[in-house]
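Q: Got a structure for you, questions after.
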Amino acid sequence: MVALVLPRLVAAAGTARRSARVAGRNVTAMKLSYWLLLVSGFLEPLLYLLAIGVGVGALVGDLTLPGGQVVSYATFVAPAMLASSAMTGALAETTFNFFGKFKQLKLYDGMIATPLRPIEIALGELGWAMVRGSAYSVAFVVVLVAMDLTTLSRGLLAVPAAVLVGFAFGAAGLALATFMRSWQDLDLLGSVQFTLFLFSGTFVPAEAYPQVLRWLVEVTPLYRAVHLIRGVCVGVDGWGWLLDVAYLLVVTVLGLVVAARRMSTLLYR
Amino acid sequence: MTGARPLIHARGLVKRFGDFTAVDGIDVDVRAGEAFGFLGPNGAGKSSTMRMVGCVSPPSEGELRILGLDPVRDGAAIRARLGVCPQVDSLDPELTVRENLVVYARYFGIPRRVARQRAAELLDFVQLTERADSKVEPLSGGMRRRLTIARALVNEPDIVLLDEPTTGLDPQARHLVWERLFRLKQQGVTLVLTTHYMDEAEQLCDRLVVMDGGRIVAEGAPRALIERYSTREVVELRFAAESQEKYAGMVAGLGERVEVLPDRVLLYVADGDAAVAEVHGRGLAPANVLVRRSSLEDVFLLLTGRTLVE
Chain A
1 MVALVLPRLV AAAGTARRSA RVAGRNVTAM KLSYWLLLVS GFLEPLLYLL
51 AIGVGVGALV GDLTLPGGQV VSYATFVAPA MLASSAMTGA LAETTFNFFG
101 KFKQLKLYDG MIATPLRPIE IALGELGWAM VRGSAYSVAF VVVLVAMDLT
151 TLSRGLLAVP AAVLVGFAFG AAGLALATFM RSWQDLDLLG SVQFTLFLFS
201 GTFVPAEAYP QVLRWLVEVT PLYRAVHLIR GVCVGVDGWG WLLDVAYLLV
251 VTVLGLVVAA RRMSTLLYR
Chain B
1 MTGARPLIHA RGLVKRFGDF TAVDGIDVDV RAGEAFGFLG PNGAGKSSTM
51 RMVGCVSPPS EGELRILGLD PVRDGAAIRA RLGVCPQVDS LDPELTVREN
101 LVVYARYFGI PRRVARQRAA ELLDFVQLTE RADSKVEPLS GGMRRRLTIA
151 RALVNEPDIV LLDEPTTGLD PQARHLVWER LFRLKQQGVT LVLTTHYMDE
201 AEQLCDRLVV MDGGRIVAEG APRALIERYS TREVVELRFA AESQEKYAGM
251 VAGLGERVEV LPDRVLLYVA DGDAAVAEVH GRGLAPANVL VRRSSLEDVF
301 LLLTGRTLVE
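The listed protein sequences derive, respectively, from chains A and B. Residue numbers for the first sequence follow full-length UniProt numbering, beginning at 1 and rising by one. Residue numbers for the second sequence follow full-length UniProt numbering, beginning at 1 and rising by one.
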C-alpha cells in the first residue's frame, strides 16, 4: 500500500512545488499597472451591484425566491455579483494573460526546456489566477456583509464557494485559451462571458424564462455558480448545491486536463 | 568516465511533420566534454534534431538516449541536466535581466539564495552586470543572446544545446559570444551547437556532422573533413557579372575541380599561386582573384552542390 501511494504522493508534491514556481514568476513580474488592473476587476461588479442591485432594486421592490423567502432585489443580485466577480477574475488571468504569455510572449517555450511539464504550468497559472480571484472574493464578501446583504457566517461560507467558482472558470479559461488563434477570438470569448453575466439568473430569476430557455440557462456554468453562492448567501433548503459543487468540480478537472493536453500538443511539436 | 556511454546517442532518428520529413534517419554520438556541431543550411533538420535532443519534441522513429535516459519517458529528468539556448529567444520580457536568470533557476528547483548568487556570477560571465536591472526589450541582439546563454547555464548543465548561437549578430557580437563559448569548452562543458557559419563550426567544434535535407552527409573533425573532401587551396575568381559560366570553361583542367557560383568561379587546387599564374597565362583577366585555404564551406559545396549561406 505504502509502496503504491508514496511515489504518487512524492510526485504530487513535486508537481505542486513546480507549479508554485510558475506562479512565483508572476509575483516577480507584478508591476504597478497590474495593481490597477486588479482594482478595476474588483470595482466592476461592485458598480453593477450599486447601479442595478440597489438602484434598479429600489424600483423593483422585494422578490420571492423559489424556496419561499422574500428578499430585497439587492440581496438577490449581490450573490450573483460575487459569482461574476470570481468568474471575471479567473477568466481575465487564464484567458487574456495566459494567451498573451503562451502565444505572444512565447514564455512557455522557454519553460518547457526546464523540468516543468505542461500540467504544472497550467496548475501554476490557475493557482496564480486563484490568488487574484480569492482576493476579489474576500473583498466582495466584506462589502456584502458591510451592506447587510448577507450575514457574516454566510459570508464566510461564500468565500470558499466563490473560490471553487474561480477554479472552474479559471480551468475552463485555460482550456479555451489554448484553442484561440488571435486576440479577435478572445473578443468573442468576452462576448460570451458578458452574455453569461446578463442571463445566468444574475439579474432575473431563471424561473422567469420560458421552459426551453430556462433549461438552457440552468446548464451554463455561471448559473450553477450563482445558484450555489445565492444558496449560501440567502439560505436554501435541500441538496441542490451538491449538484452545483459537482458540476464546478467536473469543469475544473476537465478544463485542466484539456488545457494540459493542448499545451503538450502545441509545445512538444 | 571517458570511453563510457556517450551523452547523446541516436540511431536512425527520424522527425516527421505530417508528410514532411525534417530529420531522415540520422546516427549521432556525442561524448562528454566535446564540442559537437551540426553544420548545414536552413531547413537541413538541425533545429528539429536539437529539439528532439532537448526533449521538447518526441522523435517520430528511431532510438534516442540522452544521458543514458529515454527522452519520452524521462524528459523532465533529462531537461533538468540540459542547458538550452534556442534559436529564437524565449526570454521573459516582463522581467529584468537579473530576474530572467533567477526565475529560470527557480524552474529547476534551485533555492532562491543560490539562484541569486548564480545569476550574479553568470551576468558577470556574459558581461551583462551593468544591465542587470534593465528590462530585456532594450537589449541589443548580442546582449539578448548572451543572456540566453547565461540562462542556459543557470542549472550547471551536463550538456549545453546552442541552436544557431550567433545567427543575426554583427561580427563584433559574434566574436564575443564565441569567446564565451570557447571558455565554456575549456571548462570541459559539453557543447552541442548548430550553425550555418563554417567559421563558427571550425572555431568551436571538435567534431561535427554536415547535414543536408535531413540526412548526415559527412562526419568528422573540421580539419579532417576538409582534408578528406577538399584540396589544400582554393582560388576564387570573379569575372564580369553574368559571365562566370563562360569563363569556367576556359579554366577547366587547372585544378582538381571547378565550381561555378553566381558571382564567382572556384578552382580547387594544391597550389593556389601556381594556378593563378596559369589563369593569367591563358590570357584571362578576372576582376578579382583570391587564394585561400579550403574551408568547411568547400566541403559542403562538394557534398551537396550548394553553398551554406546564400
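Here a beta-carbon is modelled for each residue, glycine too, at the ideal position from N, C-alpha and C.
(1) If you scan the region 77-165 of chain B from start to end, which runs of the beta strand (DSSP E) of 3 or more residues do you find wholly inside it?
(2) Starting from L39 of chain B, follow the beta strand (DSSP E) in both directions and report where the run begins and ends.
(3) Consult DSSP for I66 of chain B and reduce its assignment to one of helix, strand or coil.
(4) Using the C-alpha atoms, what's the distance from F108 of chain B back to L116 of chain A?
(5) Comparing alpha-carbon positions, which option in B:D271, B:S57, B:V260 lies nearest L301 of chain B?
(6) Can you grab the Cα-Cα spacing for the pair K101 of chain A / G110 of chain A, in whole Å?
(7) Run down chain B in chain order and give the residues with a C-beta less than 7 Å from the C-beta of T28 of chain A.
(8) Residues of chain A with CB closer than 7 Å to the CB of A80 of chain B, please, in chain order.
(9) Below 8 Å, can you find three or more Cβ-Cβ pairs linking the region 229-236 of chain A to the region 75-84 of chain A?
(10) Just how far apart, CA to CA, sit M1 of chain B and A252 of chain B?
(11) Which partner residues does Y268 of chain B have in the DSSP bridge list?
(12) How many whole angstroms separate the CB atoms of E202 of chain B and T166 of chain B, which I take to be in contact at a CB cut-off of 8 Å?
(13) Quick one: what does DSSP say E242 of chain B is sitting in, helix, strand or coil?
(14) Between B:G43, B:A22, B:A35, which lies nearest to S57 of chain B when the distance is taken from Cα to Cα?
(15) Taking 8 Å as the threshold (beta carbon to beta carbon), is P157 of chain B in contact with chain A?
(16) According to a CB-to-CB cut-off of less than 7 Å, which residues of the region 136-169 of chain B neighbour chain A?
(17) Rounded to whole angstroms, what is the Cα-Cα separation between L181 of chain B and E99 of chain B?
(18) Just to confirm the assignment, what range does the alpha helix (DSSP H) spanning A44 of chain B have?
(19) For the region 145-164 of chain A against the region 198-211 of chain A, are there 3 or more C-beta pairs whose distance is under 8 Å?
(20) Between T129 of chain B and the rest of its own chain, which residues show a CB-CB distance below 7 Å, the 5 nearest in sequence each way excluded?
(21) Going along chain B in order, which residues have a C-beta closer than 9 Å to the C-beta of L267 of chain A?
(22) Kindly list, in the order they appear in chain B, the residues whose Cβ is closer than 8 Å to that of K106 of chain A.
(23) Quick one: residues in its chain with C-beta nearer than 6 Å to the C-beta of residue 322 of chain A, no 5 flanking neighbours on either side, listed in chain order?
(24) Just the Cα atoms here: how many angstroms apart are residue 284 of chain A and A259 of chain A?
(25) Is the CB of R106 of chain B under 8 Å away from at least one CB in chain A?
(26) Apart from the five residues just before and just after T195 of chain B, which ones in its own chain have a Cβ nearer than 7 Å to its Cβ?
(27) Using the beta-carbon count (16 or more within 10 Å), is P66 of chain A buried or exposed?
(28) Report yes if the C-beta distance between L64 of chain B and L13 of chain B is below 8 Å; otherwise report no.
(29) Any beta carbon from chain B within less than 8 Å of R261 of chain A's own beta carbon?
(30) Pairing CB atoms from the region 222-230 of chain B with CB atoms from the region 284-301 of chain B, are three or more of them under 8 Å?
(31) Please state the DSSP three-state secondary structure of M1 of chain B.
(32) Using 8 Å for Cβ pairs, my map puts D263 of chain B next to R238 of chain B. What's the rounded Cβ distance?
(33) Exposed or buried, R17 of chain A, counting other C-beta atoms within 10 Å across all chains shown (16 or more means buried)?
A: Checking against the coordinates, here is how it stands:
(1) Entirely contained in the region 77-165 of chain B, the beta strand (DSSP E) runs reaching 3 residues are, in chain order, 82-85, 159-163.
(2) As a first step, residue 39 of chain B is located in the second sequence; it is residue number 39 there, counting from the start. Where L39 of chain B is concerned, the enclosing beta strand (DSSP E) stretches over 35-39.
(3) Within the second sequence, residue 66 of chain B is the residue found at index 66, counting from 1. Strand at I66 of chain B.
(4) In the first sequence, the residue the question calls residue 116 of chain A occupies position 116. In the second sequence, the residue the question calls residue 108 of chain B occupies position 108. Rounded to whole angstroms, L116 of chain A to F108 of chain B spans 8 Å at the Cα level.
(5) Here residue 301 of chain B refers to the residue found at position 301 of the second sequence. It is B:V260.
(6) The residue given as residue 101 of chain A occupies position 101 in the first sequence. The residue given as residue 110 of chain A occupies position 110 in the first sequence. Going by the C-alpha atoms only, they are around 11 Å apart.
(7) Residue mapping note: residue 28 of chain A aligns to position 28 of the first sequence, counting from 1. Ordered by position in chain B, the residues that pass the 7 Å Cβ test against T28 of chain A are L95, E99, V103.
(8) As a working note, residue 80 of chain B is residue 80 in the second sequence. Those are P115, listed as they occur along chain A.
(9) yes
(10) In the second sequence, residue 1 of chain B corresponds to position 1, counting from 1. In the second sequence, residue 252 of chain B corresponds to position 252, counting from 1. Only weak support is given to the placement of M1 of chain B: the predicted model assigns it a pLDDT of 44, under 50, and the value that follows is read from those uncertain coordinates. Cα atoms of M1 of chain B and A252 of chain B: separation of roughly 52 Å, rounded to the nearest angstrom.
(11) Position 268 of the second sequence, counted from the first residue, corresponds to residue 268 of chain B. Per DSSP, B:V234, B:R257.
(12) Within the second sequence, residue 202 of chain B is the residue found at index 202, counting from 1. Within the second sequence, residue 166 of chain B is the residue found at index 166, counting from 1. Contact flag wrong, Cβ pair sits at about 13 Å.
(13) The residue you call residue 242 of chain B lines up with position 242 of the second sequence. Correct three-state label for E242 of chain B: coil.
(14) For the purposes of this step, residue 57 of chain B is taken as residue 57 along the second sequence, with counting starting at 1. S57 of chain B has its Cα closest to that of B:A22, out of B:G43, B:A22, B:A35.
(15) Counting from 1 along the second sequence, the entry for residue 157 of chain B is found at position 157. It does not; no Cβ of chain A falls within 8 Å.
(16) none
(17) Taking the first residue of the second sequence as position 1, residue 181 of chain B is located at position 181. Taking the first residue of the second sequence as position 1, residue 99 of chain B is located at position 99. Spanning the two alpha carbons is a distance of roughly 23 Å.
(18) Locating residue 44 of chain B in the second sequence gives position 44, where the first residue counts as 1. Element bounds for A44 of chain B: n/a, residue is neither H nor E.
(19) no
(20) Locating residue 129 of chain B in the second sequence gives position 129, counting from the first residue. Closer than 7 Å at Cβ, skipping near neighbours: L123.
(21) Position 267 of the first sequence, counted from the first residue, corresponds to residue 267 of chain A. Per Cβ cutoff of 9 Å: V56.
(22) As a first step, residue 106 of chain A must be located in the first sequence, where it is residue number 106. Ordered by position in chain B, the residues that pass the 8 Å Cβ test against K106 of chain A are V88, S90.
(23) The displayed coordinates of chain A run from 1 to 269. Any statement about residue 322 of chain A would go beyond what the structure contains.
(24) Missing from the structure shown is residue 284 of chain A; chain A here goes from 1 to 269 and no further.
(25) Against the second sequence, residue 106 of chain B aligns to sequence position 106. Output row for R106 of chain B: interface = yes.
(26) In the second sequence, the residue the question calls residue 195 of chain B occupies position 195. G37, L39, E164, A201.
(27) Mapped onto the first sequence, residue 66 of chain A falls at position 66. When all chains shown are included, P66 of chain A counts as exposed.
(28) Stepping through the second sequence from its first residue, residue 64 of chain B is reached at position 64. Stepping through the second sequence from its first residue, residue 13 of chain B is reached at position 13. Cβ atoms of L64 of chain B and L13 of chain B: closer than 8 Å.
(29) Position 261 of the first sequence holds residue 261 of chain A. With 8 Å as the cut-off, R261 of chain A does not count as an interface residue toward chain B.
(30) yes
(31) Walking along the second sequence from the start, residue 1 of chain B turns up at place 1. Note that M1 of chain B scores a pLDDT of 44, beneath 50, so its modelled location is shaky; the value from the coordinates is reported in the next line. In this structure, M1 of chain B counts as coil in the three-state DSSP scheme.
(32) Numbered from its first residue, the second sequence carries residue 263 of chain B at position 263. Numbered from its first residue, the second sequence carries residue 238 of chain B at position 238. Right, their Cβ atoms sit about 7 Å apart.
(33) Position 17 of the first sequence, counted from the first residue, corresponds to residue 17 of chain A. Burial call: exposed.
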